[in-house]
Amino acid sequence: MAAAASKLTSKDFQSDQDVRWCPGCGDYSILANLQRVMPELGVPRENFVFVSGIGCSSRFPYYMNTYGMHTIHGRAPAFATGIKATRPDLSVWVVTGDGDGLSIGGNHLLHTIRRNVNVQILLFNNRVYGLTKGQYSPTSRLGMKTKSTPDGAIDHPIDPLAFALGAGATFVARTIDVHTQHLQEVLRRAHAHRGTSFVEILQNCPVYNDNEWLEVEDRKQRVGAALVLEDDEPLVWGSEGSRAGIRIHDGVPSVIELADDHDAVAKGVAIHHERHETPAYAFALASLQRPAFPLPIGVFRAVDKPSYGELLEDQVATARSRRGEGDLAALLNSGDTWEVTP
Amino acid sequence: MSGKPTEEIERVAIRFCGDSGDGMQLTGTKFTEATALAGNDLSTLPDYPAEIRAPAGTLAGVSGFQVHFSSADIRTPADSPDVLVAFNPAALRANVEDVRPGGMVIVNVDAFTRKNIQRAGYEDDPLPALGDRFEIVEVPITSLNRAAVSSLGLGSRDADRAKNFFALGLMYWLYNRPMEPTLRWLESRFEGNVLEANVRVLKAGHAFGETTELFPGSFIVPRAKIQPGIYRNITGNTAMAWGIVAAGVQLQRPVFLGAYPITPASDVLHELARYRHFGVKTFQAEDEIAAISAAIGASFAGNLGITTTSGPGMVLKQEALGLAVMTELPLVVVDIQRAGPSTGMPTKIEQGDLLLALHGRNGVSPVPVLAAYSPGDCFHTVLEAFQIAVTYMTPVVVLSDTYLANSAEPWLIPDVEALPRRPVEFHTEAEGFQPYQRDPETLARPWAIPGNPGTEHRIGGLSKEDVTGNVAYDPANNEHMIALRNEKVQRIAQEISPIEIFGSDSGKLLVIGWGGTHGAITSAVEAAQEDGLSVSSIHLRHLNPFPPNLGEVLGRFDKILVPELNCGQLTPILRSEFLVPAELMAKNQGQPFKVQEIRDRIGNVLDEEVR
Ligand code: SF4
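Just so you know, the sequences run in chain order A and B. Quick note: the first sequence uses the working numbering, first residue 23, plus one each step. Quick note: the second sequence uses the working numbering, first residue 5, plus one each step.
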């Protein structure tokens, strides 16, 4: 029977299938945290749909005791669009990876974001192809040596958030597989947003690209390597004795060292605003990469725009109020007709 | 009525041709509407270049529209026109050899300047020489048209744009068609000077026919004796779109169309986009793959998912179509075939995608395939496809083609009350729910949709365990599931009525066709029968599975001939499946079969018997 939304627990979201990721894979943590957040969202379990493509991350729907579709490589956003466009009542989540979403599925990701389809897209970024056993991906670093790039990768990587921002994303965030609190909060925010919520989750693949995100995954190192974004707060990171901030001048970010008694804002450190009309600011943030800069995590951008589904429902409602409910016989007999009599 | 004498004739085929900017499609369409209202049976065929605007006056830019009408039953736009209306030398050159010997060729003589003649590739004025073989009628259309609108103060470019209506008015006079439908249409479409210009020009053309000495008299094609009822003109693409709307009404679920623009399928998207008040949602996707994927998503969520495309798009959709086979979701895929391979000839005709529809996917991936056989039949075929899709929980492919898509015929408007009605019922019972538990009769799995508590389940492309649908790699289970999916599609045959044979139930030759060749094949077989040959024909709408009695019917004939607009796609299937010596008649010119071609071939096949 249906459990009332309020009484659901994370257990209600666990399916009866054995989870089959490699031991130590970051996906376990993401799954557990999502299952923890789901009961809090006030959505009946039967109204959740998880949609994925192909890849390690795309096994996700099988482990969620909700409705789910494990589709074909790269196309999950398109399936999700069809679901959400016809069923605005559902909470639709897309789970993808850096290969699935940004390589074969780049086109669908782009257009789903552009349309602002009201779905959550979680892109697990481990900077490698796991399921096909270790080839470089579109987010792999230049020079990365893999089976398919024995001499090192020679294509320049793409940053998922920069990609999403370029597509006009209305909600863009980054979080970390093992950073439980942060991950949960970002998922809640993503769910609350209307339109496409794009979330990059930095995910460790211990088998093919271990410790890719060590600096931000490790609690101690994180303090000096991650810039935690808080709305209306200055872009400051570090701990006592090693504080610094980000200044953005003419769109170009730079680092300002801060003494402990410095007023960051007075020193020219930028204040984080999620709601800038222009994506230029968020884009500048997305350009911050290690090791020259800290890696920002949190919500980069959250702006309000009508979603694809709302506009579509508006058109249907307008057509119905203007022309009345469709009448098939009237349609078939419309225009020039003639009668043949016996 | 004309003051000149009128002569009654049974049938006539007219082809309008000119630059693609001359409005030939519009002229043809308007003539068709007027002809339908005059009560004739008719069939039309547009022929236009793929380029939006090829250079004016060149062969590449020639656009044509043929309309065939009769007081008797007709099924094709006619092999060769009896009358050609050519707006310039290029149009003449591209079309005149198709005209029946002795036929009438009306030319806009104003366009026969040195420059235009040369641009068309003629050395000299071709008219004198053609006069030996055809009845040439030289009409100064451009100048007569300009004169008709001179007092309106239009620029010569604007004025010249109306000249197709001069020719239309002239043809209305020549064949005694009513002008009213066109006048009504003009009034609904234009206003002010433009309306006035078109009305004047149409009437001027008509009056010119009445007064000129070029035409001694006009012709009357009496009303045809056709089945009583209310008729309208319809093209295959419009019928397809309306059939999709009808499916939503008859199955009581909203339609979701995912589509990407592609010739010649885009018109179905355009048409459906106008029916939001039926709850029809159309989604112009970023590509062909997204179009089908979104449609499958919509199906999963409980809608009637459909995607429409043509050959190159059909290729791109195959992986997703395979997923729909594996997930056993209802879906309709419409492939309006065009001439390939590759981009091929996007506006030309071919039946090249049957094997693609049947076998275009990896692995064993059975899909039911239906083919419409006439423009109006597209309506019924797509409606049937949806019924099969939801009853058997399977994707279904509907094949149409460029010819069916664009040609028009009078269509007996179906009585909505009499249309099949099969409201969808979802599986809602949570107790004991298993996503791959099958209906014993249809083998369909249950359709349980998101939002229904207790039936939460996951589906995907990985191999499925019987009943539970869990991911499974068990060898015996895999074989069992493949067999089940095959068997499910074969069971659809129980819904197919036995084949109707055109002609005797047995004999020397059976001609078998599928799709848009129906008109040409039937007319050719009819002609051969009238000549006393022992020949019958059948036309297959169901290509997978076949009608249950097909094998038995094949066995009753000595020989089998299969005309196909490809290099043989149905033919090898008939041979391998029924072990019959099916003979292929292939044509790959981007054009439909001519009736005479098939009639001749029937004679050849039966050669010995005839003599
Ligand atoms: S290959 Fe990497 S990403 Fe895939 S399951 Fe194993 S650890 Fe996780």
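Backbone N, C-alpha and C define an ideal beta-carbon position, used for all residues, glycine too.
Completely contained beta strand (DSSP E) runs for the segment 265-319 of chain B, where each covers 3 or more residues: 285-288 and 308-313
Considering only heavy atoms of the ligand SF4 and the C-beta of each residue, which residues fall inside 5 Å, strictly closer? A/43, A/44, A/47, A/78, A/152, A/227 and A/229
So if I threshold CB-CB distances at 7 Å, which residues from the segment 121-152 of chain A count as touching chain B? 129, 130 and 133
Between residue 167 of chain B and chain A, is any beta-carbon pair separated by less than 9 Å? no
Within 10 angstroms of the Cβ of residue 23 of chain A, are there 16 or more other Cβ atoms? Answer buried if so, exposed if not. Reliability fails at residue 23 of chain A, whose pLDDT of 42 lies under 50, so the model's placement of it is uncertain and the value that follows must be treated cautiously. By the neighbour-count rule (16 or more Cβ atoms within 10 Å), residue 23 of chain A is not buried but exposed.
Bridge-paired residues (DSSP) for residue 352 of chain B: In the DSSP output, where bridge partners are listed per residue, residue 352 of chain B has none listed.
Taking a Cβ distance cut-off of 9 Å, strictly less, list which residues of the segment 222-240 of chain B are near chain A, in chain order. 227, 228, 229, 230, 231, 232, 233, 234, 235, 236 and 237
With a threshold of 9 Å between beta-carbons, can residue 332 of chain A be considered close to chain B, or not? no
Could you give the distance in angstroms between the alpha-carbon of residue 332 of chain B and the alpha-carbon of residue 475 of chain B? 15 Å
If you run the structure through DSSP and keep just helix, strand and coil, what is residue 542 of chain B? strand
If you run the structure through DSSP and keep just helix, strand and coil, what is residue 10 of chain A? Look at the range of chain A in this structure, 23 to 364, and you will see that residue 10 of chain A is not part of it.
Proximal residues, the segment 459-488 of chain B versus chain A, C-beta separation under 8 Å: 459, 460, 461, 462, 463, 464, 465, 466, 474 and 475
Is the segment 529-543 of chain B touching the segment 476-489 of chain B in the sense that three or more CB pairs, one from each, lie closer than 8 Å? no
Mind checking whether residue 338 of chain B and residue 358 of chain B have CB atoms under 9 Å apart? no
Please state whether DSSP places residue 36 of chain A in a helix, a strand or coil. strand
Runs of alpha helix (DSSP H) lying entirely within the segment 72-158 of chain B, each at least 4 residues, in chain order: 93-99, 118-123, 131-134 and 145-153
Excluding five sequence neighbours on each side, which residues of the same chain lie with their C-beta closer than 6 Å to the C-beta of residue 99 of chain A? 116, 130, 131 and 134
With distances taken from CA atoms, which of A/297, A/300 and A/275 is nearest residue 311 of chain A? A/275
Who are the near neighbours of residue 584 of chain B in its chain, counting only those whose CB is closer than 8 Å to its CB and skipping five residues on each side? 558, 559, 564 and 578
Helix, strand or coil at residue 187 of chain B [DSSP, three-state]: helix
Establish whether the CB of residue 222 of chain A and some CB of chain B are separated by less than 9 Å. no
Could you name each continuous beta strand (DSSP E) segment of 3 residues or more that falls completely within the segment 225-262 of chain B, going from the start of the chain to the end? 233-239
With 9 Å as the threshold, decide whether the Cβ of residue 290 of chain B is near any Cβ in chain A. yes
Can you tell me where the alpha helix (DSSP H) with residue 522 of chain B in it begins and where it stops? 522-534
Any chance the segment 353-360 of chain A sits against the segment 223-234 of chain A, with 3 or more Cβ pairs inside 8 Å? no
Given residue 291 of chain A, which residues of its chain have a CB within under 8 Å of its CB, disregarding the five upstream and five downstream residues? 256, 257, 258, 267, 268, 269, 278 and 280
Against chain B, does residue 362 of chain A count as a neighbour if the rule is that its beta carbon must be under 9 Å from one of theirs? yes
Tell whether a beta-carbon distance below 9 Å holds between residue 336 of chain B and residue 309 of chain B. yes
What does DSSP give as the partner residue(s) for residue 567 of chain B in the beta ladder? B/589
List the residues of chain B whose Cβ lies closer than 9 Å to the Cβ of residue 59 of chain A, in chain order. Chain B residues near residue 59 of chain A: none, gap ~17 Å exceeds 9 Å.
Got a sec, what are the start and stop residues for the alpha helix (DSSP H) residue 28 of chain B sits in? 28-41
Determine whether the Cβ of residue 331 of chain B lies closer than 9 Å to any Cβ atom of chain A. yes
Please tell me whether residue 302 of chain B has its Cβ less than 9 Å away from any Cβ of chain A. yes
Return helix, strand or coil for residue 177 of chain B, following the three-state DSSP convention. helix
Which same chain residues, not among the five before or five after residue 25 of chain A, have their C-beta less than 7 Å away from its C-beta? Its pLDDT being 47, under 50, residue 25 of chain A is placed unreliably by the model, and the measurement read from it follows with that caveat. If we look at residue 25 of chain A and ignore the five residues flanking it on each side, its Cβ neighbours are 34 and 67.
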